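S.K.: Here's a structure for you.
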Amino acid sequence: MDVWLLRHAAAEDRAASGRDQDRVLTPEGLARARAAALGLAAIEPGLGRVITSPYRRARQTAEAAAEALGLEVAQSRALEPERDPMDILNEIGAGGEDVLLVGHQPHLGSLLGLLVAGDGVEIPMKKAAIARVTLSGRWSGELRALLPPRLLELLGARQAI
3 MDVWLLRHAA
13 AEDRAASGRD
23 QDRVLTPEGL
33 ARARAAALGL
43 AAIEPGLGRV
53 ITSPYRRARQ
63 TAEAAAEALG
73 LEVAQSRALE
83 PERDPMDILN
93 EIGAGGEDVL
103 LVGHQPHLGS
113 LLGLLVAGDG
123 VEIPMKKAAI
133 ARVTLSGRWS
143 GELRALLPPR
153 LLELLGARQA
163 I
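Under the numbering used here, the first residue of the sequence shown carries the number 3, and numbering increases by one thereafter.
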């Protein structure tokens, strides 16, 4: 089973409501999310599910990815920024179909670190970056890719030509 992680793209600093969960992607962030999604689709990962944090900026990023991949988006509170990374792992289960998880830093960095190096390790992810981990144990695996947004944009642009 492969677990793919996608950090949301650049978002506004503050929502009109003042609530963090209402922050939306900036126009540049939305363009980068779409470009990263096309890059991911160019890799043809064979994903079966896209699960996102319910926070608006993550949902917008996940929707771009799901559209490029021809998939639906499901939401999970287990991907909210302050949650324990084990919450989402317990939710997705081991040995299922490959999944794309869309969320936030430092949560995704902690999840990535947990999967490849053990508890207490964080591997920071840039906005709109994607990581791929192939699970080899219940909750341990091998980092197969850590793709920065610029590379994803180039892959997506190449696919569009």
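We put the beta carbon where it would ideally sit given N, CA and C, even for glycine.
Note that the structure is predicted; figures quoted are calculated from it, not measured.
Looking only at C-alpha atoms, which of Lys-128, Glu-84, Ala-76 sits nearest to Leu-103?
M.R.: Out of Lys-128, Glu-84, Ala-76, Ala-76 has the C-alpha closest to the C-alpha of Leu-103.
S.K.: Taking Cβ positions, are Gly-95 and Leu-73 nearer each other than 9 Å?
M.R.: no
S.K.: With distances taken from CA atoms, which of Trp-141, Leu-149, Glu-144, Lys-129 is nearest Gly-31?
M.R.: Lys-129
S.K.: Just to confirm, are Ala-35 and Gln-62 a CB contact at a threshold of 9 Å?
M.R.: yes
S.K.: Taking only runs of the beta strand (DSSP E) that begin and end inside the region 57-96, which ones reach a length of at least 3 residues, in chain order?
M.R.: 75-77
S.K.: Mark Ser-138 as exposed unless 16 or more other C-beta atoms lie within 10 angstroms of its C-beta, in which case mark it buried.
M.R.: Burial call: exposed.
S.K.: Taking the continuous beta strand (DSSP E) assigned at Ile-125, which residues delimit it?
M.R.: Premise fails: Ile-125 is in no beta strand (DSSP E) and is neither H nor E.
S.K.: Under 9 Å, do Thr-1 and Ser-78 count as touching if we go by C-beta distance?
M.R.: Shown here, the chain extends from 3 to 163; a query on residue 1 therefore has no answer.
S.K.: Give me, in chain order, the residues of the same chain whose beta-carbon lies closer than 6 Å to that of Ala-80; leave out the 5 immediate sequence neighbours on both sides.
M.R.: Asp-89, Ile-90, Glu-93
S.K.: Just checking my contact of Gly-169 with Leu-148 at CB under 8 Å: how many whole Å lie between their CB atoms?
M.R.: It is not possible to answer for residue 169, since the shown part of the chain is limited to 3 through 163.
S.K.: For Pro-151, is the classification buried or exposed, using 16 other Cβ atoms within 10 angstroms of its Cβ as the cut-off for buried?
M.R.: With 16 or more neighbouring CB atoms inside 10 Å of its own CB, Pro-151 falls in the buried class.
S.K.: Ala-13 to Pro-108, Cα distance in whole Å?
M.R.: 15 Å
S.K.: Measure the Cβ-Cβ separation of Ala-39 and Ala-70 and say whether it is below 9 Å.
M.R.: Yes, these two residues count as a Cβ contact at 9 Å.
S.K.: Using 9 Å as the threshold, is the C-beta distance between Arg-134 and Leu-116 below it?
M.R.: no
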